[in-house]
Structure formats: structure tokens, C-alpha cells
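Working notes, structure below.
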Amino acid sequence: MIGGGEGAYIGGIHRFAARLDNQYDLVAGAFDVNAERGHAFAAANYIAPDRSYDSYQAMAAGEAGRPDGVDVIAICTPNFTHYPIAKAFLEAGIDVICEKPLTATLGEAIALNDLAEKTGRFVGVTYTYSGYPMIQEARAMVARGDLGEIRVVQVEYPLEWMATGIELEGNAQAAWRTDPKKNGRGGSIGDIGTHAYHLAGYVTGLKAESIAADLATFVPGRALDDNAHVMIRYQGGARGLLWSSQVAIGQSNGLRLRVFGAKGSLVWSQEHPNELTFTPLFGAPATIKRGREDLTEATHARVRTPPGHPEGYIEAFANLYSGFAEAIRARAAGRQPGAAAEGIPTAYDGLKGVAFVDAVVDCHEAGALAWTTPKFA
């Protein structure tokens, strides 16, 4: 693991997720830009002293030279560091799991995707919400034609945690997210809007043809957007709406997806993730619950507990980790990956996310809601 040390929320989530299905052992790391703090964290987590590194550069060189070197690394650092870290390990022949967005700039995302293809190494991107079982089932229902031709997609991700200028009050997580040099061009649209965009495309299979965006910065003195409204024209004629906000008071983690087709609709909410609502044309709404026997194989591959025992965010994150492990093992064995790896987000998905953020900011800066085409879809 790179980063994710003492006090880093997302590092703990990655470690929980990696352990849940017994697919990984944490054996090495450069856990902090402060080497002393990093070594203390490594010792507290039973990492051997000779595998606790001062920097990611030292770790890439050290692990590449060991007969028992790491198979894969997890990047749990701010956005602007993703590219150099991932590049160093891919060039060292080591697979990568990276936080989203994949990189801070589109140029870096293109270069990293090209490098993954050139080296043949695996790059997984933690678009967490695609790991939920009922999202997998929604994806299967759309692909099966249960909704008919998709007409309208609405996705929203509102939060309240940055409704005030907490970045000026010592909140380190908010500080780097509002710094264009560390976060990239997009604020809320890059931090959570990219999750919403990926989720909509993951479930529907639709590709964006063009977008029109309006960004807002409501907190005085903030350098990046904290609210975004995006209209999306999809290839084939479907229309989409995306809203991301970090200033929506009363919203804890309100990710919600609605998909409307010619024959029916689907609704899913991240705060009630074990249920999917399907409404057929001229029919009554039906609640599809996680754990039912008639769900698809790929859905069952993401379920651990019987119906009535809820699963949530950690489990969804763990489903990505297990899917990444299956993809890496399948490549090594020269076989097709199993159901656990179906649809897992990889480097190209990360590239599409960065291209979307870039197009949104380009569109907003052009003014007058000028329609803009993402460079990758």
C-alpha cells in the first residue's frame, strides 16, 4: 500500500476490503510522506521492517528486486500523486489498484492507460458502487432487455460535508480536494460526480455522446466547484441528468440511480443498497432483494450473507478487491476470469472518468451550456 497510513480514512477501507475474502495479505508499504510516521504505522500493522519503505520509489525498486515481491499495490493517496506512483510500479512489473479518479489530468490518464496496455499489467480502479450486488443485477436486467430501449438516466450524488469552508479550518481531506494542484480541474464533479457517471454507464452500458454542464462554487474563497449539474446525450438517443454536490445540507451519502426504458424502470439508492425497485410498464412496482435465488451468477458472486442480513459499503469495496484478484489470477493462469471479475473497473474506465471531468470543466468554461464531447466514452 502507498499512503493510507495513520488517520487516512480510505486506507482503512482498502485494508478491510482486501482482507474480507482472504484474497490478500498486506506485506509491504510506504504509508506516509513522513517516513518516520510511515514506519511507525507499518510496525503497528505487523509489516516487517525491511518492507516498510521511506518512499514509493524505494518500494517499487525494493519489491521488484525480491523473489517474494508484492503482486499488486494499492494507491491510497491524493489525486495528483496517482500517475507517478502507478507509472513507477507498472514499469517495475507490479499490478496496481488505484483510487479514483485515476489521475489528476487527462494527459496522465491517457499515458497510464497506454502504459498498462504496453506492459500487460493490471490496473483496477475503485469505483466502489459498482461492487454492490444489486447494481450487478440492475446491469444484467438492462442487458437482458427487461427495461426495453433506455430513454432516460438520472443519477445524483449529494453530500453535505463541505457546506462550509472546512478546508480553512484544518480538515486535511477537504484541503487537498479544494486545491486544483492536488485534486485536478474538477471539485465535486471529480470527487463524487465521477462515481455517479461511472455508475450510470456501468448499469446501462450507454456511452456519452455529448454533455452540457453548469458548475457552481457556493462556499466563498473555494477554488473548485462544490456543485455540478450535467446534461448528457447518450449514443443512441437516451438522455441523462447528473447532479453532484458537496454542499447539499441533510444529505449524508445520497447516491441514487434511476433508469427509465420503454418497458420499465429501475431505482436504486446507495443508502438502501440491498433492494432494487423494478416497475414494468402497466405493472406494479416490485422490490428485488439481494440474496434471492433467481438472481444472476455475477450477482451471487458478490453476495456473502442470506436475505435479511444487510451488506453494505465495505462489502461492495471487497467485491472489487475480489474481482481484481480473480482478474490477476486468471491472467497468470491463462484462463478466462470468473463471475467475480465481471465488469470490474480497469484503467480504461478510469480514463473515461477523467475525460468526463475534463469535458465538464471545458463545457462550463466555454459558457452558454455549450455541448461538449468527451474524448473517451
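1 is the number of the first residue of the sequence shown in the UniProt record's numbering; add one for each residue after it.
Glycine included, every Cβ here is placed at the ideal spot set by N, Cα and C.
Going by the DSSP bridge assignment, what does residue i pair with across the sheet?
i: Ile-166; result: Ile-166 pairs with nothing; no bridge assigned.
i: Arg-239; result: Val-152 and Arg-233
i: Phe-31; result: In the DSSP output, where bridge partners are listed per residue, Phe-31 has none listed.
i: Phe-278; result: Leu-266 and Ala-286
i: Leu-215; result: Ala-228
i: Tyr-157; result: Ser-244
i: Thr-299; result: Thr-299 pairs with nothing; no bridge assigned.
i: Thr-372; result: Ile-211
i: Ser-52; result: Gly-29
Work out the CA separation of residue j and residue i for me, nearest whole Å.
i: Leu-255; j: Gly-338; result: 28 angstroms
i: Asp-362; j: Leu-224; result: 14 angstroms
i: Ala-325; j: Ala-318; result: 10 angstroms
i: Glu-36; j: Ile-94; result: 25 angstroms
i: Arg-292; j: Val-267; result: 18 angstroms
i: Val-357; j: Arg-233; result: 15 angstroms
i: Ala-340; j: Gly-187; result: 32 angstroms
i: Ala-286; j: Phe-278; result: 5 angstroms
i: Glu-63; j: Glu-342; result: 29 angstroms
i: Met-162; j: Leu-115; result: 35 angstroms
i: Thr-372; j: Val-155; result: 19 angstroms
i: Glu-331; j: Gly-283; result: Sequence inspection shows Arg at residue 331; the Glu mentioned does not correspond to that position. Taking the straight line from one Cα to the other gives about 44 angstroms.
i: Pro-374; j: Ala-109; result: 13 angstroms
i: Ala-347; j: Asn-113; result: 5 angstroms
i: Ile-249; j: Gly-7; result: 25 angstroms
i: Val-153; j: Tyr-197; result: 10 angstroms
i: Arg-302; j: Gly-367; result: 43 angstroms
i: His-309; j: Ala-138; result: 20 angstroms
i: Pro-49; j: Arg-258; result: 49 angstroms
i: Gln-235; j: Glu-271; result: 30 angstroms
i: Gly-38; j: Met-1; result: 11 angstroms
i: Ala-104; j: Leu-215; result: 18 angstroms
i: Cys-173; j: Glu-167; result: Here the sequence assigns Gln to residue 173, which means Cys is not the residue at that position. Going from the Cα of Gln-173 to the Cα of Glu-167 covers about 8 angstroms.
i: Ala-140; j: Val-203; result: 8 angstroms
i: Arg-304; j: Ile-135; result: 15 angstroms
i: Thr-299; j: Arg-121; result: 26 angstroms
i: Val-72; j: Val-142; result: 33 angstroms
i: Ala-262; j: Gly-145; result: 10 angstroms
i: Gln-23; j: Leu-320; result: 11 angstroms
Under DSSP, the beta strand (DSSP E) around residue i begins and ends at which residues?
i: Trp-268; result: 264 to 269
i: Val-259; result: 256 to 261
Using the three-state DSSP reduction, which class does residue i fall into: helix, strand or coil?
i: Phe-41; result: helix
i: Ser-210; result: strand
i: Thr-178; result: coil
i: Ser-188; result: helix
i: Gly-221; result: coil
i: Thr-346; result: strand
i: Gly-201; result: helix
i: Lys-314; result: As written in the sequence, residue 314 is Ile, which differs from the Lys given in the question. In the structure shown, Ile-314 sits in a helix (DSSP, three-state: H, G or I).
i: Gly-4; result: coil
i: Thr-194; result: helix
i: Gln-23; result: coil
i: Ala-377; result: coil
i: Gln-173; result: helix
i: Asn-183; result: helix
i: Glu-293; result: coil
i: Leu-351; result: helix
i: Asp-146; result: coil
i: His-364; result: helix
i: Arg-304; result: coil
Along the alpha helix (DSSP H) that carries residue i, what are the first and last residues, could you check?
i: Met-59; result: 56 to 64
i: Ile-13; result: 9 to 20
Flag residue i as yes if its beta-carbon sits less than 7 angstroms from any beta-carbon of chain D, otherwise no.
i: Gly-367; result: Structure shown: chain D not included; a single protein chain is present.
At a cut-off of 6 angstroms, is residue i close to the ligand NAP when judged by its beta-carbon and the heavy atoms of the ligand?
i: Met-134; result: The model depicted lacks the ligand NAP and carries no ligand whatsoever.
Runs of alpha helix (DSSP H) lying entirely within the segment 102 to 137, each at least 4 residues, in chain order: 106 to 119
Return the chain-ordered ranges of every alpha helix (DSSP H) run that is complete within the segment 69 to 107 and spans a minimum of 4 residues. 82 to 91
Would you list, in sequence order, the uninterrupted alpha helix (DSSP H) runs of no fewer than 4 residues that lie entirely inside the segment 317 to 343? none
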